[in-house]
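Student:
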Amino acid sequence: MAEQLKREPGLFKRLSKVPGVSALLPLLVLVIILSLTTKTFLTPDNLMNVLRQAAIYAIMATGMTFVLLTGGVDLSQGSVLALCSVTCCMALNATGNMWIAILVAVATGAVIGFINGTAVAYIKLPPFIMTLGSLYMVRGFTLYITKSTQVSFRGQDAFRFIGQGSLLGIPFPVYVFILVGILAMVFLTYTATGRNIFAVGSNRVSAQLSGVKVNKITVLVYTLSASCVGVAAVVYLARLTAAQPTAGESYEMEAIAAAVVGGTSQAGGEGGVLGSLIGAVIIAVIRNGLVLLGVGSYFTKIVVGLIIVLAVALDVTRRRFAVNK
Amino acid sequence: MEPQFSETPIVEFRGISKAFSGVKALSDISFKIRRGEVHCLLGENGAGKSTLIKILTGVLRADSGEVLINGQKAVVTDIRQARQFGIGTVFQENSLIPHMSVAENIFLTREPRLKNGFIDYKTMYAQSVQWGERLGVNLDPRSKVRDLSVAEQQIVEIVKMFSQNPQIVILDEPTSALSDKEIVKLFDIVKRMQAQGVTFIYISHRMEEIREIGDSATVLRDGQYIASIDNLRETDMNQIITYIVGRPLDQVYPPRNVEIGEVMFEVQNLSVPKLVHQVSFQLHRGEVLGFSGLVGAGRTETAKAIFGALKKSEGQIFMEGQELHIKSPFDAIRSGIGFLTENRKEEGLFLEKSVSWNTVSASLKKIKTHGFLNFQKERTLVSEYVKTLKIKVPGIDRAVKYLSGGNQQKVVFAKWLSAGSKVYIFDEPTRGIDVGAKSEIYAIINQLAENGNGVIVISSELPEVLGVCDNIAIFHEGKLVRTLGKEEASQEKIMYYAMGGQKEYG
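Written out as structure tokens, the structure is:
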């Protein structure tokens, strides 16, 4: 028998193999159902509102995806969001320069992420434990520097625009999350470092023995995770014009949920940013839809939980049946 | 003394067929296994051996045909029921619970109880020792399984199974992780159990041991029954290989006439605390150097220390006259060293990832354009390797976990070829691979040497070492004790030094 390499499959088939695309289907189903059952869902205003709400989670989920891909987890995200928005606001008030403030927010995140990553990589602390510790420490530190009161800013219309403005009818935060998402996707797909992130999550030992600098990758992903949170904090602060030291509690769970619904495996090595973005939108659509349907907020939590379990169950089942043919 | 064979076969397969989504995995398999025998099941990977075993143990159901146990039709639907029929399996990956003791593992779910319902540890320990003694092994029933070596764990697994009074025991590649000494021990256990009336179905790719332990054999090829051999020990080895591969295999080891050039790679006084002591050797251009020795003699550790995967306490490494300062595998790869590990699944491959992904995983630099990965370049490069190494895949996007052992191993080879290594270290390159693929891998090794590279082959199979290497470095307890040229080496001589022989051999 002649050795023959299969031709590349068609565009549709190839697209369906891109991690995350399979999450589009449930999103589509949701949108159709809500369009039919409510009058207000499929209005431009409402849709933009959904995307605006999804933005912060989507940016955080992008960061979370890097960590999950290596088989880790970053539980400190919510606390880091509070700290970054506080430092951002302080910098804004102190300098009056929004660019410096943005830089401070991202740098604050990067420093915390670097510490997390270093502890996980070199002290070999389990990611769950290290970032759980950070969750408490960062929150405590934020409360300490703010003396438990909120920090706010005045004026700064340009900065405020980041959170509240719209461009061509689309809320500015949506541009931010799409930009962050695209950068992350390009990084993961088209760079050697990006691919090595998958390698570490797929098989750490093989990665090490293939010349991947596993420890450096580990530090990098936690730094990226918290830096993304820094970006999210900027949007958050610009939207609310005040930084609450208690902000962002349990947001890390939203980020994990978005990533997992989007098909990123919490065991590492499988998934991608596109899925996480779609996952964040799915969760925002569900919340919005349930409100429009007049369902109470208790129910919202139940449905979101159910969706997480169902999404993963579906994924696990699909993998199990995709056996060797 | 020859074992006594009774008239009714203990197992009989009658017309077993099985297809997976239309593809025949087994077609009309019929043969008998006599009571008290060690019956070897032979065939290349994919020949249908494991499918047949899975049908026998109830993991899979046959599409047609029947299995007779003790002359009676047996419908086995799961492993537990298989156990009731007296069928026990020793799995390749053992099923013990690491943090529990030996005795707790042996009696798992069958723990002897005191009157008050608590576990009777005293009896459990005593009985564990007794079961061990019946097989001639000394067990410490209190030690934790995770503290035991792989070989010891396997023995515990066998004792566990033996304690359940099996009639038929399936051993699937039981020696793949064992040293020669441990294999002798395992065979002793098998013979003791055989003497007590247990029948064995034995699956292995190692020809030598099949003839040592087996009484009879059945050969499968491409899901077809090929032949049964009643008297294995007196059957010509080439005949058996011909049955297995379907064509006379002129030579498993392809001939080689390579000009051995100047020294290209040198290691001086390499040491790793407790594992490797002052190892020095030279590797020439075009040379294949064998590392022989018992498991645990420091061969793999030497390789890992060279490769930067294990921290060395002293020693110098030179490539083409230049000293290398290797602190990590990254440094080693950059210096032109490739290392194929002995466990491809755990330490070599990314199982969920594609053939293509795996192949370029150590050479991403090669497929970059302007700093970004170029997928077109990747496809071209990988397709090239798939062709030259004859990797059998439906497409390069196929996840490697779906490939056979031989093809998986070729993917690892492709990875190191792609990384552009000059010195290749292959640790057990043909472990768990069928005869046909083995021969192809030897050809690749020869080709690498011919192209002016240096190759180190670590192998526990002596015929392999003698078949492919120009020189053989023999390790004993972390030291390189002797290097023999191909002409002066023999299996006995290598074993003599590997076991710690001090004087000149013979």
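Top to bottom, those sequences are chains D and E.
Counting from 1 along the first sequence, just add 11 to a position and that's the residue number in my numbering.
Counting from 1 along the second sequence, just add 507 to a position and that's the residue number in my numbering.
The beta-carbon is built from N, C-alpha and C at its ideal position, and this holds for glycine as well.
Please return the same chain residues whose Cβ sits closer than 7 Å to the Cβ of residue 592(E), not counting the five positions on each side in sequence.
Tutor: 576, 581 and 583, listed in sequence order.
Student: Out of 653(E), 954(E), 986(E) and 992(E), state which residue places its alpha-carbon closest to the alpha-carbon of residue 1008(E).
Tutor: Of 653(E), 954(E), 986(E) and 992(E), the residue nearest in Cα terms is 986(E).
Student: Return the residues of the segment 189-206 of chain D that lie within a Cβ-Cβ distance of less than 7 Å from chain E, sorted by chain order.
Tutor: Hits within the stretch, in order: 201, 202, 203 and 206.
Student: Compare the C-alpha of residue 777(E) against each of 806(E), 616(E) and 799(E) and name the closest.
Tutor: Selected option, being the one with the closest Cα: 806(E).
Student: Under 8 Å, Cβ to Cβ, is there at least one residue of chain E near residue 277(D)?
Tutor: Output row for residue 277(D): interface = no.
Student: When you compare the CB positions of residue 696(E) and residue 720(E), do they come within less than 8 Å of one another, or not?
Tutor: No, the pair does not count as a contact, with Cβ atoms beyond the cut-off.
Student: In angstroms, rounded to a whole number, what distance separates the CA positions of residue 808(E) and residue 611(E)?
Tutor: Those two C-alpha atoms are separated by around 33 Å.
Student: Going along the chain, which residues of its own chain have a beta-carbon closer than 6 Å to the beta-carbon of residue 41(D), five neighbours each way excluded?
Tutor: 296, listed in sequence order.
Student: Would you say residue 869(E) lies against chain D (beta-carbon separation less than 8 Å)?
Tutor: Yes, its Cβ sits closer than 8 Å to a Cβ of chain D.
Student: Strictly under 8 Å for the Cβ-Cβ distance: is residue 840(E) near chain D by that measure?
Tutor: Chain D contact via Cβ: present.
Student: What whole-angstrom Cβ distance do residue 279(D) and residue 80(D) have, given they're in contact under 8 Å?
Tutor: Yes, residue 279(D) and residue 80(D) are in contact; Cβ-Cβ is about 6 Å, under 8 Å.
Student: Look at the alpha carbon of residue 532(E) and the alpha carbon of residue 907(E), and state the distance between them as a whole number of angstroms.
Tutor: For residue 532(E) and residue 907(E), the distance between alpha carbons rounds to 20 Å.
Student: Please check if any C-beta of chain D sits within less than 8 Å of the C-beta of residue 816(E).
Tutor: Output row for residue 816(E): interface = yes.
Student: Since residue 807(E) meets chain D, which of its residues come closer than 7 Å, beta carbon to beta carbon?
Tutor: Under the 7 Å cutoff, chain D gives no residues; its nearest Cβ is about 12 Å from residue 807(E).
Student: With residue 65(D) and residue 291(D) assumed to form a contact (beta carbons below 8 Å), what rounded beta-carbon distance in angstroms separates them?
Tutor: Confirmed, Cβ separation roughly 5 Å.
Student: Let me see if you follow: with CB-CB separation under 8 Å, is residue 322(D) close to chain E or not?
Tutor: Judged by the 8 Å Cβ criterion, residue 322(D) is not in contact with chain E.
Student: For residue 887(E), is the classification buried or exposed, using 16 other Cβ atoms within 10 angstroms of its Cβ as the cut-off for buried?
Tutor: Classification of residue 887(E): exposed, given that the 10 Å Cβ count is below 16.
Student: Closer than 7 Å, Cβ to Cβ, to anything on chain D: give me those residues from the segment 844-856 of chain E, in chain order.
Tutor: Hits within the stretch, in order: 846, 848, 853, 854, 855 and 856.
Student: DSSP three-state call for residue 1005(E): helix, strand or coil?
Tutor: Helix, per DSSP.
Student: Shorter than 8 Å from the beta carbon of residue 526(E) to some beta carbon of chain D?
Tutor: Not an interface residue.
Student: Under 8 Å between the Cβ atoms of residue 547(E) and residue 717(E)?
Tutor: It is a contact, given that the beta carbons lie within the stated cut-off.
Student: For residue 901(E), which of 679(E), 876(E) and 863(E) has the nearest alpha-carbon?
Tutor: Answer by Cα proximity: 863(E).
Student: Is residue 759(E) helix, strand or coil when you go by DSSP?
Tutor: Correct three-state label for residue 759(E): coil.
Student: Please report whether the beta-carbon of residue 224(D) lies at a distance below 8 Å from any beta-carbon of chain E.
Tutor: True, the Cβ-Cβ gap to chain E drops below 8 Å.
Student: Using the three-state DSSP reduction, which class does residue 903(E) fall into: helix, strand or coil?
Tutor: Coil at residue 903(E), not helix or strand.
Student: Does the segment 81-96 of chain D come into contact with the segment 215-234 of chain D, if we say contact requires no fewer than three beta-carbon pairs (one atom in each stretch) closer than 8 Å?
Tutor: The segment 81-96 of chain D, when compared against the segment 215-234 of chain D, does touch it at the 8 Å Cβ threshold.
Student: Reducing DSSP to helix, strand and coil, say where residue 571(E) ends up.
Tutor: Correct three-state label for residue 571(E): strand.
Student: Report back the beta-carbon spacing between residue 149(D) and residue 90(D) to the nearest angstrom; my notes put them in contact at under 8 Å.
Tutor: Correct: roughly 4 Å between the Cβ atoms.
Student: Could you check what DSSP says for residue 264(D) in three-state terms: helix, strand or coil?
Tutor: Here residue 264(D) sits in helix by DSSP.
Student: Does residue 216(D) come within less than 8 Å of chain E when only Cβ atoms are used?
Tutor: Yes, because at least one Cβ of chain E sits closer than 8 Å to the Cβ of residue 216(D).
Student: Tell me whether residue 638(E) is buried or exposed, calling it buried when 16 or more other Cβ atoms sit within 10 Å of its Cβ.
Tutor: That one is buried.
Student: Taking 8 Å as the threshold (beta carbon to beta carbon), is residue 879(E) in contact with chain D?
Tutor: Closer than 8 Å: yes.
Student: What does the alpha-carbon distance come out to for the pair residue 905(E) and residue 925(E)?
Tutor: Their Cα atoms are separated by approximately 19 Å.
Student: What span of residues does the alpha helix (DSSP H) with residue 924(E) cover, start to end?
Tutor: Where residue 924(E) is concerned, the enclosing alpha helix (DSSP H) stretches over 912-925.
Student: Return the residues of the segment 251-280 of chain D that lie within a Cβ-Cβ distance of less than 8 Å from chain E, sorted by chain order.
Tutor: So the close ones are 280.
Student: Counting contacts by CB-CB distance shorter than 8 Å, is residue 836(E) in contact with chain D?
Tutor: Chain D, which has a Cβ nearer than 8 Å to the Cβ of residue 836(E), makes this yes.
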